[in-house]
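If you count the sequence shown from 1, position 3 lands on 7 in our numbering, and the numbers rise without skipping.
Here is the structure we will look at.
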Amino acid sequence: MIEEINKKLDILELERIKEILPDYIHKTSKDNPPISESLNYLLEEEIAFKDNRAAEGIIKASNFPFRKTIDDYDFSFQPSVSENQIRELANLSFISNHENIIFIGNPGTGKTHLAVSLGIEAAKHRNSVYFITCHNLMQKLNKAQKENRLDKQLQHLAQYKLLIIDEIGYLPVDHQGSNLFFQLIARRYMTKSTIVTTNMPFSRWGEVFSDNTLASAVLDRLLHYSYIIRITGNSYRIKDKIVESDSRTNEYNE
Ligand SMILES: Nc1ncnc2c1ncn2[C@@H]1O[C@H](COP(=O)(O)OP(=O)(O)OP(=O)(O)O)[C@@H](O)[C@H]1O
Ligand SMILES: [Mg+2]
């Protein structure tokens with residue numbers, strides 16, 4: 005009988021059920037649970053397995069620089085970040101509402117970490133996600149324009165449910181690049197969510213984008229429906245150095 009069932013499970017591509025069924029039958033042979041309970045359990049297992057596999061595929065293609073989660077983030081080190089707010093965002097209603105998130109703060113404060121962790125949550129719920137630095141995005145768009153396929157490239161980048169653009173502000177964007185950047189943001193406006201990270205206050209985006217008018221137009225669209233998360237603490241990268249130098253300072257003071 006099990007062979008017959010296995011053939012049918014193969015046809016339906018129910019891999020997980022096929023894997024756990026013999027053991028399940030064995031374990032439940034004494035209790036004989038109601039068929040509805042068994043069916044529900046087996047289907048839940050199959051769904052969880054497929055969700056997990058889909059998420060792994062999305063994460064693989066997402067171009068994340070590392071894989072870190074919200075649980076990996078030490079909120080006590082960075083009290084300016086509200087754990088409640090981040091966990092609330094992890095419920096992903098910002099994606100269904102087509103809202104944006106802007107992480108703004110100094111180097112090493114965890115902007116990329118938090119952006120990636122929300123991206124992973126999004127992927128776990130089968131949302132398409134793509135991560136790219138602002139600099140690489142500019143190269144991609146410039147190249148596409150040179151090769152006469154800008155529209156296709158913009159269309160491709162506009163279809164991700166969540167696009168994470170990291171490191172706005174570290175490298176200047178020329179006028180041509182700003183124009184392309186604006187086109188992408190305009191396409192995603194009110195239809196898709198974008199997370200950006202930046203070290204630059206909004207008042208200085210005119211410098212970043214070599215053009216005040218384009219910078220305002222970009223900001224206008226990004227900020228219209230958005231959560232702005234300002235991180236004001238110290239760099240996590242050099243936290244031990246700060247403690248060291250603090251204690252050294254204390255030594256010198258004594
Ligand atoms: N509060 C934190 N708890 C745990 N790890 C953290 C925290 N903040 C940062 N990190 C870790 O420190 C490193 C630097 O963080 P991250 O890359 O997110 O900083 P950033 O704000 O993006 O900096 P930059 O502006 O230089 O890109 C990462 O490995 C990240 O996981
Ligand atoms: Mg970063």
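From the three backbone atoms N, C-alpha and C, an ideal C-beta is built for every residue, glycine too.
On a predicted model such as this, the values are computed, not experimentally measured, just so you know.
Which residue or residues does DSSP assign as beta-bridge partners of residue i?
i, result
"residue 234", "108"
"residue 68", "Answer is none; residue 68 lacks a bridge partner."
"residue 18", "None; residue 18 has no bridge partner."
"residue 166", "133 and 197"
Consider the C-beta atom of residue i and the heavy atoms of ligand 1; say whether any pair is separated by less than 7 Å.
i, result
"residue 203", "yes"
"residue 191", "no"
"residue 72", "yes"
"residue 164", "no"
"residue 75", "no"
"residue 53", "no"
"residue 82", "yes"
"residue 35", "no"
"residue 134", "no"
"residue 78", "yes"
"residue 111", "yes"
"residue 241", "yes"
Do residue i and residue j have their C-beta atoms closer together than 8 Å?
i, j, result
"residue 213", "residue 222", "yes"
"residue 162", "residue 130", "no"
"residue 170", "residue 119", "yes"
"residue 225", "residue 168", "no"
"residue 243", "residue 98", "no"
"residue 66", "residue 134", "yes"
"residue 172", "residue 217", "no"
"residue 3", "residue 77", "Past the edges of the chain, shown from 5 to 258, lies residue 3, and the structure says nothing about it."
"residue 145", "residue 159", "no"
"residue 240", "residue 113", "yes"
Taking 7 Å as the cut-off, is the beta-carbon of residue i closer than that to any non-hydrogen atom of ligand 2?
i, result
"residue 171", "yes"
"residue 115", "yes"
I believe residue i touches residue j by the beta-carbon criterion, under 8 Å. Please report the beta-carbon distance rounded to the nearest angstrom.
i, j, result
"residue 6", "residue 26", "6 Å"
"residue 96", "residue 125", "6 Å"
"residue 229", "residue 194", "7 Å"
Exercise for the section: Count the CB pairs spanning the segment 140-151 and the segment 169-189 that are closer than 8 Å, and state whether there are at least three. Expected result: yes
Exercise for the section: Evaluate the contact criterion for the segment 96-107 versus the segment 63-83: three or more CB pairs, one atom per stretch, below 8 Å. Expected result: no
Problem - Three or more C-beta pairs below 8 Å linking the segment 49-64 and the segment 7-24 - result: yes
Handout entry: Validate contact between the segment 75-93 and the segment 130-141 using beta carbons, cut 8 Å, 3 pairs
Key = no
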